[in-house]
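Notes for the one structure printed next.
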Amino acid sequence: MQALKLLSKHGLNKSPAIEESSVVITEKNSIDALKPVADIVLLSDLITDFINATIESHKIFRRVYALFYSSNI
Numbered sequence: 035m036q037a038l039k040l041l042s043k044h045g046l047n048k049s050p051a052i053e054e055s056s057v058v059i060t061e062k063n064s065i066d067a068l069k070p071v072a073d074i075v076l077l078s079d080l081i082t083d084f085i086n087a088t089i090e091s092h093k094i095f096r097r098v099y100a101l102f103y104s105s106n107i
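Okay, so the sequence shown: first residue is 35 according to our numbering, each after it adds one.
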């Protein structure tokens, strides 16, 4: 299993770490060379927005999952 790597303030000197990563997330204002290889480009410069959105999506998924399996179909 490959470890998750998070890089902030991306630069070209981090290209070996980017090549090893399974998922590349970059900010809106990162260098243009990273945007084509990124899996996710954040529209905000704050990584906390991405973390909060991920936490909220997990909450929604758990609610839908619980509702689906608690109903008598």
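Virtual Cβ for every residue (Gly too), placed ideally from N, Cα, C.
Listed in chain order, the non-local C-beta contacts of I74 below 8 Å within the same chain comprise V57, V58, I59, T60 and F84, local neighbours out to five positions each way being set aside.
In this structure, the CA atom of A72 is about 26 Å from the CA atom of K93. Its Cα nearest to that of L77, the residue K62 stands out among K62, S55, S105 and E53.
Linking S105 to V98 through their CA atoms gives a straight-line distance of about 11 Å. Across the structure, N86 and F95 are spaced so that their CA atoms are roughly 14 Å apart.
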